[in-house]
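Worksheet for the structure shown next.
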Amino acid sequence: MNTDDERVVFFDIDGTLLDTSDFAETARKAAIGLMVDNGLPLDKDEAYGVLKTIIREKGSNYGKHFNVLTQVVLGHEDPMLVALGMITYHNVKMALLRPFPETINTLIYLKSQGYRLAVISNGITIKQWEKLVRLNIHSFFDEVITSEEVGKEKPEKLIFDVALRKMKGNPEKSVMIGNKFKADALGAVNAGLSAILINSDITEDDRAYIKKEQLDIHVLDDIGDVRTIL
Ligand SMILES: [Mg+2]
C-alpha cells in the first residue's frame, strides 16, 4: 500500500456536507399542519408542542413519532393521519435537502489530492446513505460508519476506531471534518486524528480550550475553505 493511501478524510453529514438548518422543524410543521387540517383535534401550535415532547422523549431517530402523536391525542392510532404526517414530513425534508454551495467542489478537490473519503455519522445507516444518494454524492465515499452500526455515538472513541479500521486509515494522516465541537472535533482528536470544524457551534471558551491544550483543530467558516488546509 502506498503511504498516501493511509490518508482518509472523514466527514460528518448533517450541517457539514448538507445544509440542514431549520430543515426538520419546517418539515415537522408542514406535517402537523396537514394532520390538523385533516382532523387531528388540536390547534397547530398545540399539536407541534405535543410532537416536540414526543421527539424529546423518544429521540429524533425513533421512527414512530406520528403514531405516538395520534395515540396521545386520540387515545388510539389513526393510520390515515399517521401516513399523512409521515409522507408530508418526508417530502418536505427531501425537498429542502441540499448540499452547501461548495460541498461538491470540495469533494472533487479532495479526491484529486488522493484522499480517500468516508462518513462518520450519529444516525441510522440507511437514512444517512439515503441523503448521500439523493444528493448524488454517494460515489465519493467508500464507507459510511454510523452510531447505529457501531453501537456508540461520536464523540466516543470506538466509532472513530471502527471507522479507521474499516478504511485502513492512519489516524496521524487522517482528518475528521464536522460542525460539532464536542462530537466531531474533540472526539476525533481523542482518537488520534486531526479535526476541521466548519459552520460550527464553537464558543469563545472552546477556542480558548483548543489554544490552551494545543489541540489539532482548525476552525473554518465554509467547507470551501478546506482546500486552504488539505
Ligand atoms: Mg453535524
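Numbers in the working numbering are just positions in the sequence shown, counted from 1, shifted up by 18. We put the CB at the ideal spot given by N, CA and C, even for glycine. Computed from a prediction, not measured in an experiment: that's the story for all the values here.
For the pair LEU69 and VAL91, the Cα-to-Cα distance works out to about 10 angstroms.
Taking 9 angstroms as the cut-off, the Cβ atoms of ARG134 and ASP23 count as close. The beta carbon of ILE214 lies closer than 7 angstroms to those of VAL193, ILE195, HIS236, LEU238, VAL244, ILE247 in the same chain, with the five residues before and after it left out. About 5 angstroms separates the beta carbons of PHE118 and ASP37, which is inside the 8 angstroms limit, making them a contact pair. Rounded to the nearest angstrom, the gap between the Cα atoms of LYS145 and GLU166 is 11 angstroms. Distance from the C-beta of LYS82 to the nearest heavy atom of ligand 1 is not below 8 angstroms. Taking the CA atoms as reference points, ILE177 sits about 28 angstroms from HIS108. Those residues placing their Cβ nearer than 7 angstroms to any heavy atom of ligand 1 are, following chain order, ASP30, ILE31, ASP32, GLY33, THR34, GLY196, ASN197, LYS198, ASP202.
ILE31 has its alpha-carbon roughly 19 angstroms from the corresponding atom of GLY81. Non-local beta-carbon contacts of THR164 in its own chain, meaning distances under 7 angstroms to residues more than five positions away in sequence, involve SER139, GLY141, ILE142, THR143, GLN146 in chain order.
If you look at LEU238, you'll find it in the beta strand (DSSP E) that goes 235 to 238. Annotation for ILE138: no alpha helix (DSSP H) segment contains it, though the beta strand (DSSP E) segment containing it runs 134 to 139. Excluding residues up to 5 positions away in sequence, GLY141, ILE142 lie with their Cβ nearer than 7 angstroms to the Cβ of ASN79 in the same chain.
When DSSP states are grouped into helix, strand and coil, SER157 belongs to the helix group.
Within the DSSP bridge table, the entry for PHE178 names no partner. Selection LYS186, THR106, VAL110 evaluated against LEU52 yields THR106 as nearest (Cα-Cα).
In this chain, the beta strand (DSSP E) harbouring GLY196 covers 193 to 196.
With contacts defined as CB atoms closer than 9 angstroms, PHE84 and GLY67 fail to qualify as a contacting pair.
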